[in-house]
Structure formats: structure tokens, C-alpha cells
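Chains as they are written, first to last, in our numbering: chain A, -7 to 539; chain B, 310 to 433; chain C, 2 to 423. Report on the following structure.
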Amino acid sequence: MVSLEVRNGFVIDPMNGVFEVKDVFVKDGRIVESLDKPEMVVDAKGKVVVAGGIDVHAHVAGGKINMGRKMRPEEMRYPRFKSDNLRSGVGRVLLTSPAIGYEYARMGYTTVVEPAMPALYSIHTHEELDSIPIVDKMALPLFGNWHFVFKFVKNDEIEKLSNFIAWVLAKTKGFGVKVVNPCGVEAWMFHGNVYSLNDTDPLFGVSPKEVITGLISAIERLKLPHSLHIHCNLLGIPGNYEVTLETIKLTRRFENSERQVMHVTHVQFNSYAGESWKDMSSGAEFVAKEVNRNNVTVDMGQVILGHATTMTADSPFQYELFKIFKTKWSNLDVELETGSGIVPVYYSPKVRVHSLMWAIGLEIGLLVDVDKVVISTDYPNGGPFYSYPYIATLLMSEKFREEEMKRIANVERYSILPSLSEERTLEDVVKMTRVNPARILGLNDRGHLGENAKADLVIYDLPPEPNPRDYESILKALSNPSLVLKDGKIVVKEGRVVKHTWGETIWVKRDYDEELIGDELEDFFNYYTVQRDNYGVPHVRREVVLC
Amino acid sequence: MEFTLVTARTMEQGMFVEDKLSEDYFKATACCEMNPEDMNALGLKDGDRVRVTTQYGSVVLYVKRSVLDVPRGVVMIPLGIYANRILPSESGTGTPIYKNVRCRVEKTDEEVLSIEEIVREVVG
Amino acid sequence: MKVSCPFCGNVCDDINFDGEVEREKLCPLGESKLTREKKRIPYPMVEGERVSYDEAIERAVEILLNAKRPLLYGWASTVNEAIRLGVILAEKVGGVYDTTSSVCHGPSILATIEEGLPGGTLGQAKNRADVVVFWGCNPAEAHPRHPTRYSVMVKGFLVEGRRLRKTVVVDIRKTATALLSSKFYMIKPNSDFAILTALRSIINGNDSAVPNEVGGLSKSQLREFAELLLSAKYGVIFFGMGATHTRGQDRNVEALIKLVQTLNRHTRYILQPMRGHFNVTGADAVACWEAGYGYAIDFSRGYPRFNPTEFSAVQLLRRRDCDAMLVVGSDPVAHFPFDVVRHMAKIPVIQIDPHYNLTTKVANVVIPSAISGIEAEGTVYRMDGVPVRLKKFRESEFWSDYEILKAMLERVVERKGGDVVW
């Protein structure tokens, strides 16, 4: 089937200012203005029609999630999809690659960003992305603790740094620049960490502040579609909201009228006030104000109470978590580039800190300007991505929040959530799951239903302005789309995956002059254990290159 | 005499592992290494044949004087069908225990089975 | 150009090729792999008779579809692209997927399930390690270039060669690797767990709990060993079959992991299993993302289940719980205990392999393949999981493992119905 009409649905397409009953036409995988004879007509009367969801931050592929699977078979013993006509898929929070694609599709998401790709392992990351069906994918290489970056930053060689970034994106088929605990991971190689923006790494003597501003300068110079994507220093530690504020303020030197200059990811984990776990409280209000004042965007990093697996490139933090939980711990130090760690967690509704984390995430979702925040769980760190409908419903319904707060530890003295009466509308949720992510990533072919947009389209059995007190219906409808189209093909019907398709891998290409960084490449490749010739990703299943 | 049997990868076993019908592979795996003092005690010299017996089975092998130092009381057989002829498949982990199995070693005049012959014996 | 060596878990990627392979950088294993002429399987065969690829594949598919529970085993000596199709094939025929891990580092995976794995890349050993321990492994014979490329003599940016590195070997015999080391501890067989526990006790300050002798090491030797471990700024412990194939198995590896956890309270340490075949790491990894587990996976219920004592190849054959077997790039007749090989001889066996080996002798269907890394390209994972591309540098008339498995999978799905899902 190559053409289709979605008739009589209520279209919510904030990017194009559409909020009305309207027919949508699809041809050859794109949205078109009109169609003479659609091969198929879908009746969406009484339902809303929106673009496919976009996840800006979920660890869906690569060495970390795969090590998580390997060390946690207890996570995998949950059958979700039987083989039958499609693939089998299993997992509780950690899912197999086929299950990841199917579960995204099932909740109306059609694009996902893998936000932490060690360049040395980029072939692996892409092999896994290539095994995730249906959705489109991107991957962000990790730059924040890379010796090349330290050297260029130390010598203030922004032109070389820009060249290096472009070289890396081409080699790894990467989409943008990710930073995790800049300088802290290198310090962990010496059993340390960094504790402020001005601390320095033990090897090159550069500070997080220099690394962050250096990378932003290079990114803006290259005019990358996506801004710096940062996991801040001191993540997960009480009192860390201050370093988050300082990090956000670093953007004031930079201007960009088209998009943010910094995306602070899973900001919930970096919005803690207090001095210890005992007196930890929410710093979300301060962080939200700072975000709203600056050219910065965030995703929530919402905690879902229950099982999760923390996995980040922030290896010193992961070791601290291991010491707290005394559970399993995996670590991977990656030569010259980065590190990573994995620790299982159970976010218990009975534990005050965990309940507070849940509340802080929602504060972020309610207090940050609606065009600057994206729903996320930092999958699988905060919990499953398939809980996004739950998060959206919490943001839409004060009553639902009240109900949920009855079953968790009391957070009243530590969070303002109980006093917040804000309720996001369905249109707001569409912004937080479609419009904002597309703009933040610099992708103009999705996140909306305008002419020539990708025909990634979702129909929910909901009125355009659902009653927030009837949160159960909202949650049910958002969790079970009536229909999902990916590239114009029906992949989900009434919450069931009906077709196995393959999405695209999107990466960003910029011109570079390898000569300019030739000496550095030659020098550092003496210390890699792979040859320079063999470094990088030769091919992916289906690629789209943004030039 | 009672010994502890260990199996191990050796350079020769590795070099000829993809050429299993070759004389080189036969030489590399139809053998065991022993401590020279143990060999003296059994009246063995390099190239002699021994019968190695565990509770699971028995196999005839050439004996080699350990070039480095297989300690007394240990007999080392390279990975392969000769070693596996006398090793157990049971284990609590799914992975067989290929090392530290009790065995008896005695001098013998019997012939070492060729690769063809040992496959036939194993397959039954 | 540079090519990568498809033999051991080192996957050295610096082999020069200029029309032919230059021997300069090759170890004896690599030289044998890349330059020795070996007996190849000449053509596809069914019951010893020459047939076409098409006929052999057809017969193989029939066997797999007619079996109640086929075992699809091997995978360590092929590329990820082929392995992936193998996992999907196992799923589609409702069989069992198992890798050679189940006869080597299976216990290390079990220990990882208990404790996680505090690891790092081989470049960390090269660049930073001032203490390197080889515990029950012998790279001088099993991974010959490991010491010069990664761990002993190599020059890194912080540790510039052998003089600045303390190298320790722990083994029950004085191996060739022991000769390279600055310190050798000869231990008694089956004493790994006790010694590791004693070392942890000393490092944790519970010296008094340690008896005067453990596994052949005196208390003063153990104290000295603990001091040596603690003297590292960055230490690496490599371990092998000496831990996994001896009494204790996964518990030995667990003790190693706990030792590394303990050492990380004082300084930095990482642990790395010495994986044998060039892509045994990939065989686990691919299965993990496709099916959730690394090995010993049963698909008979239409979704994957994992249980090494039930679904590992040796245990399945031991219980006569599989009624057909596909062997890809492996030789279980040579490497499994004899009693389970007997069951192999009684069921239909399909073999895909470039070389004639002992499994060929019992195989009913034999499908020759191109040699990965010489005649076929693809991705493999080095022992530390770092992906390396294998190149094709010789033409061959044999089909690659990928092509053979793709043809099999296409036929299976054609018969059973369903979407093309690979």
C-alpha cells in the first residue's frame, strides 16, 4: 500500500498550528497535501491524530545495554512477543532489540536516539541499532573524556576540535556530541572524580568548564543540527543542582537563534538539593528557572518506581552506586575515550529518596517551559521507556499524581510536587514528545504532520481535550494507539504489532581536513589497540546522511 | 601411580586445530606431558606409551618429558579427542570439568589409536 | 593493507597484506591460520555423496524442520552477521542456540550474572597497567601476541614497557607465560577459590583469619602477593580455564570478581577473561541482543529461555534431549566429553565449516564454507568486546557462512510463513 487517507480525525500538530478536525493524506511514506484516490481510508472520527513520538535519550543499543542483558538474565525472563510471524521479544525493563522496536511502535514512537556510543565500540552500537525494527535511530558518540578533546581544549585549538568532531561523526556514523561527566571519567582511571566545573583531570589538566565551552564552540562552528548533549558532573549526588546551574550558565556566551546551545539530559538526576542522602530535597525549581532563562533544553529522566538498571558512561558514579547498593557491578574502561558502569536498582516506593526522585522528575516536567522539556526516563536508568504514557498522564492529571502519591513515601517536606496544580494538556504532551524532540535534534522531517513530513503517524482513541480527572482512560488510550504508521505503513493496530519493518539510521556529515589533525591522530593511534585504518563503522542497514 | 589430570591448550594443538586429519595434529594431541621425576619413577622415557585411566575411561598416549615444569603428580594432556576420551560430561554449571581429574598412569606397549580409530571408538 | 587475524581472541588487526600475508607480525597460531594449507571440505555432501549447495541446504532445512528440538551449536569462529542469522534460525525452528562458551567461559558468564564484570579494554592494560596478573591462563601458548600487543612488553602512554610493569603468573605449572613474568606463584590444583578468598581477607585487614598455608602458598607469600596487588596504580587481572575448568568453576570466577571489587576500594583494577576463539565474544553478544541471553538458549516455546545446566550443548546431548544438530564453525566431536559424542552419532548432524574435522566424520549433511577473515568479511568482537572488521583478501568459490544461513532461513520462513525479519 502506498497511499492512505486518515479521515475525520482531530489533528494535533502544534508545529503547524493545527488543532482541528482534518483529513491527513499519506503517499509513498510522506504526508501529502491531498490525494485523489487513496488506496486505503482509515476512519479516525472521535480520535486524535498526531505525529510519531521521538525519544531523545534512551540507551537502546551497544555494549552497555548488552552487558546489562548478559549480567541480568532475571531481567530477560519476561516473554513479550512470541516468534509466530514476527520476532520473539523478551524483557522486563531491559529488552531484546526486537522487543525494543516493537514496544516503541506499540506506544506510537517512531524515532529514538542512543545517547552514549563509545567511538571504539561504534560498530557494535550500530549492529544493535540495525537489529531494532521499525523505528528510526541515531547515536551520539561520547566526547567528554577523550584524550583528543582534552588536548585540543588545553591548547585552545577549536578549529582542530571541530575537524576532529566531524572526523568522528563520519567514522562512527554519529549524529551529535555527547558529554558525560566531563573529566570525571578520566579521573576515575586514577581512582578519582571531579567535583566542580573547575577541577581538572589528572592527565591533561583541563577542567569540565573548558571541555564544555570548547565543545560548544566547535559544535556551533560546525552548525550541527543537534547541540551539545550533556550528562552533567556530579550526577546522582545530593547538592548537585548547583553544578547543573553553573553548567547551564556556561551557555550565555553562545547564541543560536535556531535551536538551543545545550541539551541537559535526564536533568532529574542533576536536580538534587541538600547535602546528604538524609536531607536530600528537590532542586528542580532552581534548575527549571535557569533552564527557562537560558537557551537550553532538557529531558526529564523520570524515575519509574520499580526495577531499573543504571548504565552510564559515568563510571565513577556507577562505582559509588555499587558501594551503596552492594549489588552487581560492571565497569568498562575504554582506552583513551571514556568509561562506563552498570548497576541494577530497584526504586522502591517505600524509600524516601526514590520517591523523591520520582517527584523531582515530575516537578521538572511541570515547571520547565513547555517548549523546552521532553519526556524521558533515561532508559533503562530511570525505568522503562514504555512508561512514557504513564509519565504523560501524570503530567496531565493532578488527581492521578495525588493517587500515586498515596502509595509512595511522603515527600512533602522535600518536594513542591504536592502543591503543584499545573496540568499539561494533550497538546502540551504532543509538544513534549514530538515537537520539542524534533526541534532539539534539528530534524524538520518529523515531529509534525505538515506537507512532506515523514508519514510517522499515530491515532489515539482520545478526545483532543480529555478530562484530567479521568486519567485512567487517558493512560489506557496513550498506551494502546488505535493505529501507528511508520513511513506510511501500518505497523501497529489496536496496540498490536502487525508488521516488521526496518527504519533508518540518521547521521551527520560535515567536511573535515584529516591533515589538520594528522599529527594528533598518528600520535594517539600509537596508544590505541586497533589500527587507524580499522577504526570506524563501514556500513549500516539503511542510512540517511544529513549534510 | 595416581595423578591429577589437567588438559590445556598448547601451541601445537592450536596450530593444527584446523587440520585435524594431519600427522601434526595427531602428534600434538595424542600425547601427555609429565614431570621427569615421575617419568623416572614409572621407568618412562620420552616417546614411550602410557595408558591413562580415569573412572570414565582409558586411553593410550605418547608421553613427553615436560619442557617447563609440570609438577610432580600432574599429567597434562592437550585439548582434544584423546583427552576427552577419559573426561566426564557431568557438571553443575553446564560446562564440563576439563581439569584436575584423578587418573592412573601406567607404562604400556599397546599402540596409540590413530585419529580415525579413536573417533570410531568414541562414536561406538 | 592491514588484515585482521581470525584465530584467537586477540584478533590482531595489524597484519600486513600485500598480495600475500607478511609473516613478520604473525605468531605461530596466526601463521598456521593464515598461511598453512589445510584439508578443506571439497564440496557439499549428503550422507557422504557430493551434492549441490542447493540440495545440501534443502536437506539441512528438512532436518531442522522435522526435528522436535534441534541444537544449533558453535558460532565462535564465524562473523556476527552469520551468528545473527543463526540465532534467528534457532528461534524460527524452535531449537536451542548454544555457543562454545558453554565448554569454556560459561562459568565466567555465570559469575558475571552473580556479580557483574569490572572490566576494561585491552588498551587499558597497555597504557596504564603497572601490575598485570595472569591467573590460570597461558597467553604464551593460547594468545601468543597478547604480551607484546597488550599486556607485558608493550609501550603505553603511562607505562612504557616491561621494566615498569610487574607481571604475575598464578598457575599449577610453570607455563611459558610464567617465564615472562616477574613473579610466579605455583599453586596446588583446585585451590584457586581458597587462595582468592585468603587474598581478599588480607586486603580487607582480616589477616588473622588466614591459615599458615593456603593451596601451596605460605601466609608470607600471600601477604607479599596482596601487597604487590595493592602497589598498583592500575592493575589488570587476566584469567582463563585454570579458573573455569577446575573445581569451583563459576565460584572461582566469582572470587576473582570479588577480589577486583575489593581492590577497587583502594586503587584501580579491571578483570578480563582470556576468551579463546576469535569471535566467541561476538557469539555471546549477538545472542544477548537478539534473544536476551548469551548461550544455552531454548526457543521451543516460541520465545527464548536460558538455563545452562539444561540447555548447554553438552548437557542437552547428555540427556539425549535434542534430535538433530547443526554445527557451525566448531568441532564438538573433538572437544566434547566422549559419552555425549555418542549421542551425536545417533542423530542427524549438519555441519557448516571450511575445514574437514572430526565432526565431519559423523555429519549427515556437510556444507563447506568460505573462511571468515580470509575468504569472507564481517565483524567480530575481540576478547574485550572491541569490534574488529575481518577482511576478505582471497577469492573463494565457497559460500560464506552468512550466505548459507541466509538461504536456510529464507526456506524455513517460506515453509512456516511470516515476515522477513532479518
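Glycine is no exception: its CB is placed at the ideal position from the N, C-alpha and C atoms. If you're wondering where the values come from, they're calculated on a predicted model, not measured in any experiment.
At a CB distance below 9 Å, what residues from the region 202 to 221 of chain C approach chain E? Give them in sequence order. Among the chains of the structure shown, chain E does not appear; the protein chains present are A, B and C.
Identify whether Ala300 (chain A) lies in helix, strand or coil by the three-state DSSP scheme. Of the three classes helix, strand and coil, the one that applies to Ala300 (chain A) here is strand, per DSSP.
Contact check, Thr245 (chain C) vs His106 (chain C) under 8 Å by CB: the rounded distance? 6 Å
Please state if the CB of Asn280 (chain C) and the CB of Ala297 (chain C) are separated by a distance shorter than 8 Å. no
What does Val326 (chain A) touch in chain C if you count any residue whose Cβ is under 9 Å from its own? Gly121, Thr122, Gly124, Gln125 and Val387
DSSP three-state label for Ile229 (chain A), please. coil
With DSSP as the reference, identify every bridge partner of Cys340 (chain B), one or two as the case may be. B:Tyr371
Whose C-beta lies closer than 6 Å to the C-beta of Asn173 (chain A) among residues of the same chain, with five residues either side of it excluded? Asn225 and Asp306
Beta-carbon neighbours of Lys143 (chain A), restricted to chain C and to distances below 9 Å: Identification of chain C residues near Lys143 (chain A) by a Cβ-Cβ cut-off of 9 Å yields none; the smallest Cβ-Cβ distance measures about 12 Å.
Nearest by alpha-carbon distance to Val170 (chain C): which of C:Ile204, C:Asp324, C:Leu229 and C:Ser331 is it? C:Leu229
Chain B contact residues for Val254 (chain C), given Cβ-Cβ distances below 9 Å: Correct list: empty, because the minimum Cβ distance to chain B is about 10 Å.
In whole angstroms, give me the CA-to-CA distance for Ala317 (chain B) and Asn139 (chain C). Going by the C-alpha atoms only, they are around 9 Å apart.
In whole angstroms, give me the CA-to-CA distance for Asp515 (chain A) and Glu399 (chain B). 52 Å
Let me know if Gly197 (chain A) comes out buried or exposed under the rule of 16 or more other beta-carbons within 10 Å of its beta-carbon. exposed
Strand pairing of Asn323 (chain A), partner residues [DSSP]: DSSP, once it has assigned bridges, lists A:Gly333 and C:Pro119 as partnering Asn323 (chain A).
Give me the subset of the region 344 to 371 of chain C whose CB atoms are less than 7 Å from a CB atom of chain B, sorted by chain position. Answer in chain order: Ala346, His356, Tyr357, Asn358, Leu359, Lys362 and Val363.
Rounded to whole angstroms, what is the Cα-Cα separation between Asp324 (chain C) and Asp299 (chain C)? 14 Å
Applying a beta-carbon distance threshold of less than 8 Å, which residues of chain A neighbour Cys105 (chain C)? Within chain A, no residue comes near Cys105 (chain C); the closest Cβ sits about 16 Å away, beyond 8 Å.
Are Gln260 (chain A) and Gly353 (chain A) touching if we call contact CB-CB under 8 Å? yes
Does DSSP put Thr417 (chain B) in a helix, in a strand, or in coil? strand
Give a yes or no on whether 8 Å exceeds the smallest Cβ distance from Leu454 (chain A) to chain C. no
Residues of chain B with a CB under 9 Å from the CB of Thr176 (chain C): which are they? Ala317, Leu377 and Asp378
Min CB distance Trp76 (chain C) to chain A below 8 Å: no
Is DSSP giving Leu61 (chain C) helix, strand or coil here? It should be noted that the sequence gives Ala, not Leu, for residue 61 (chain C). For Ala61 (chain C), the three-state secondary structure derived from DSSP is helix.
With a threshold of 8 Å between beta-carbons, can Val171 (chain C) be considered close to chain B, or not? no
For Ala256 (chain C) and Ala199 (chain C), I'd like the C-alpha separation in whole angstroms. Using only the alpha carbons, I get a separation of about 10 Å.
Please identify, using Cβ separations under 8 Å, the residues of the region 3 to 28 of chain C that lie next to chain A, in order along the chain. Lys3, Ser5, Asp14 and Asp15
Val104 (chain A) and Tyr96 (chain A) closer than 8 Å at C-beta: yes
Could you name the residues of chain C that Met385 (chain B) contacts, counting a contact when the two beta carbons are closer than 9 Å? In chain order, Arg174 make up the part of chain C whose C-beta sits under 9 Å from the C-beta of Met385 (chain B).
Closer than 8 Å at the beta carbon, the chain B residues around Asp251 (chain C): Thr402
Proximal residues of chain B, C-beta to C-beta of His246 (chain C) below 7 Å: Ile406, Tyr407 and Lys408
Three-state secondary structure (DSSP) at Tyr186 (chain C)? strand
Select from C:Arg416, C:Met384 and C:Glu311 the residue whose C-alpha is nearest the C-alpha of Ser103 (chain C). C:Glu311
Have a look at Val384 (chain B) and Leu377 (chain B) and give me their C-alpha separation to the nearest angstrom. Cα to Cα, the separation comes out at about 13 Å.
Candidates C:Arg174, C:Glu225, C:Gly124 and C:Val329, of which the one nearest Val153 (chain C) by Cα: C:Gly124
Of the choices C:Glu404, C:Asp172 and C:Ser401, whose alpha-carbon is the least far from that of Phe240 (chain C)? C:Asp172
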